[in-house]
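Take the first sequence: its letters are residues 1 to 416, numbered as in the numbering used here.
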Amino acid sequence: MKYQIPTGTKDALPEETRRWQYLEMRIRDVMLRYRYEEIRTPAFEYTELFKRSIGEATDVVGKEMYTFTDKGGESLTLRPEMTASVMRAYIQHNLGGQHCVNKLYYIGPMFRQERPQKGRLRQFHQFGCESLGSPAPEADVETMLVALTIYRELGIHSLNFIINSVGCPECRPAYREKLTGYLTPLGDKLSPESRNRLSSNPMRILDSKNETDQSLTQNAPMIHDHLCPECKSHFQRVQSLLDTMNIEYRVDGRLVRGLDYYTKTAYEIQSAQLGSQNALGGGGRYDLLCADLDGKNTPAVGFAAGMERLLIVMDSLQLSVPDPVPPKVFLIALGEKAMAAMSTIAYRLRSRGIACDMDYLNRSLKAQMREANKLNVPFAIILGEQELEQNICIIKNMSNGDQSSVPLDQIADKIV
RNA sequence: GUGGCUGUAGCUCAGUUGGUUAGAGCGUCAGGUUGUGGCCCUGAAGGCCGGGGGUUCGAGACCCCUCAGUCACCCCA
Numbered sequence: 001m002k003y004q005i006p007t008g009t010k011d012a013l014p015e016e017t018r019r020w021q022y023l024e025m026r027i028r029d030v031m032l033r034y035r036y037e038e039i040r041t042p043a044f045e046y047t048e049l050f051k052r053s054i055g056e057a058t059d060v061v062g063k064e065m066y067t068f069t070d071k072g073g074e075s076l077t078l079r080p081e082m083t084a085s086v087m088r089a090y091i092q093h094n095l096g097g098q099h100c101v102n103k104l105y106y107i108g109p110m111f112r113q114e115r116p117q118k119g120r121l122r123q124f125h126q127f128g129c130e131s132l133g134s135p136a137p138e139a140d141v142e143t144m145l146v147a148l149t150i151y152r153e154l155g156i157h158s159l160n161f162i163i164n165s166v167g168c169p170e171c172r173p174a175y176r177e178k179l180t181g182y183l184t185p186l187g188d189k190l191s192p193e194s195r196n197r198l199s200s201n202p203m204r205i206l207d208s209k210n211e212t213d214q215s216l217t218q219n220a221p222m223i224h225d226h227l228c229p230e231c232k233s234h235f236q237r238v239q240s241l242l243d244t245m246n247i248e249y250r251v252d253g254r255l256v257r258g259l260d261y262y263t264k265t266a267y268e269i270q271s272a273q274l275g276s277q278n279a280l281g282g283g284g285r286y287d288l289l290c291a292d293l294d295g296k297n298t299p300a301v302g303f304a305a306g307m308e309r310l311l312i313v314m315d316s317l318q319l320s321v322p323d324p325v326p327p328k329v330f331l332i333a334l335g336e337k338a339m340a341a342m343s344t345i346a347y348r349l350r351s352r353g354i355a356c357d358m359d360y361l362n363r364s365l366k367a368q369m370r371e372a373n374k375l376n377v378p379f380a381i382i383l384g385e386q387e388l389e390q391n392i393c394i395i396k397n398m399s400n401g402d403q404s405s406v407p408l409d410q411i412a413d414k415i416v
């Protein structure tokens, strides 16, 4: 086998694309109902956009981006996520000037050069939405509902929905100091990874998978006890909205975000079916990003969710995708003359909106009948030399085996 | 990027302590008397045993390297 696709990529063959199309259809349906409209941006952007928005210190930017220089000497990067692109487009086209609230969704490929594993590819696909312009907790909750509704309508019910607040520049620095103060004396006992995080991003130590780290942070100060009044009331209102709607959730102070532009609400939807990469989707508020990218101060909230992971979960729950509707009719021609006539008939039927297919190998009647059977078509049309001479053909009802002769120019009327 | 496990037909897998021409099921294709599907029966095609090197009289089996997959870490959706 000489040519293979690159590590961490996948071909989607027809059996697969059927599932993808179904998924996309359900996603678009929910998005539209919540009145989010689709945005499509380029697969690559200037590298600077991601450096600026995601942050140079992060792993995503530091070691996972597909970055290249084009012939004009510009540094470009395949998008590793979508929020930066959406925000860039929002600012570039001054969408905020046209509507005070913009609700956008996307479905598309993202690129990250990581070691692949279950539910993590180098080219992977995400869907998500961004609500730009509203600071209200209702907007946060709406994005949550979009995600939860999509999963629910796909038939996935056993998910863990976790929320937290990561504060804002008003309250986070003080909390971070408090946390660092608590953790520093424990420094030696922490895992090496966490020891590094102590200076770079102490909050991430809270969501370490290391068991020792976990128990060491058992009594660590949690941010939701240290929120400023503004963040605190926002978080409470989010919770009370969810309570009113009877949405199940769990507040978990260990849920944090790596990026600086996140503020207030953070949430994640997890599945037990996924192994280590257990996050199906995650989102939160990022009120600072727009200004970071030199736009106007614009509150924003949104989520991103992995499609491959969603397909894995659907698989393990044995949620099947509806079978595709089979073509209406399979055309069986016997002999070269009939085959030539049949391809014209196929053209006419298709032009009249009738889905059909035929055999192109001039095979035996038996072989063609088997094909018709496999395709699960309701009708087969048989055209041999004898029928051709009389300008008729045989229409066969595949479910009961009934056959009748029909003039060639009346086929379409007979199989509706 | 680091570590563990795996790599035999299109797919799922057998291949005994290294020993003749590498197997099964499913799928594909063709037949089972003149031009009729599903079930059944018969047959065929299809493998440089992931790739390279080594040990050996002899390697699909053992060793090394490499590539790919997979799981975990890191990180994330």
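For each residue, glycine too, the CB sits at the ideal point set by N, CA and C.
When the Cα atoms are used, what is the spatial distance from residue i to residue j?
i: ILE332; j: PRO407; result: 15 angstroms
i: LEU145; j: GLY128; result: 12 angstroms
i: SER200; j: LYS178; result: 15 angstroms
i: MET1; j: ARG309; result: Bear in mind that the predicted position of MET1 carries a pLDDT of just 49, short of 50, making it too unreliable to give a figure here.
i: TYR34; j: TYR106; result: 14 angstroms
i: ILE163; j: PHE235; result: 9 angstroms
i: PHE374; j: PRO324; result: For the sequence presented, residue 374 should be read as Lys rather than Phe. Whole-angstrom Cα-Cα distance: 13 angstroms.
i: CYS290; j: SER215; result: 37 angstroms
i: GLN117; j: ASN102; result: 35 angstroms
i: THR17; j: ASP260; result: 37 angstroms
i: SER343; j: GLN126; result: 41 angstroms
i: ARG250; j: GLN239; result: 10 angstroms
i: ALA43; j: LEU132; result: 21 angstroms
Assuming residue i contacts residue j (C-beta within less than 8 angstroms), just tell me the rounded distance between them.
i: GLU385; j: LEU317; result: The pair is not a contact, with the Cβ atoms about 53 angstroms apart (cut-off 8 angstroms).
i: ARG257; j: LEU206; result: With a Cβ gap of about 11 angstroms, ARG257 and LEU206 do not count as contacting.
i: GLU45; j: SER85; result: 6 angstroms
Three-state secondary structure (DSSP) at residue i?
i: LEU104; result: strand
i: ASP357; result: strand
i: GLY306; result: strand
i: ASN391; result: coil
i: GLU74; result: coil
i: THR180; result: helix
i: GLY384; result: coil
i: GLN126; result: strand
i: GLU48; result: helix
i: MET87; result: helix
i: PRO80; result: coil
i: ASN196; result: helix
i: GLU268; result: strand
Buried or exposed for residue i, please, with buried defined as at least 16 other CB atoms from any protein chain shown within 10 angstroms of its CB.
i: ALA266; result: buried
i: SER364; result: exposed
i: ASP409; result: exposed
i: ASP140; result: buried
i: LEU32; result: exposed
i: LYS264; result: buried
i: LEU361; result: exposed
i: GLN4; result: exposed
i: THR7; result: exposed
Tell me whether the beta-carbon of residue i lies closer than 8 angstroms to the beta-carbon of residue j.
i: PHE111; j: ARG79; result: yes
i: ILE91; j: VAL166; result: no
i: ARG120; j: GLN277; result: yes
i: LEU159; j: LEU241; result: no
i: GLU64; j: GLU114; result: yes
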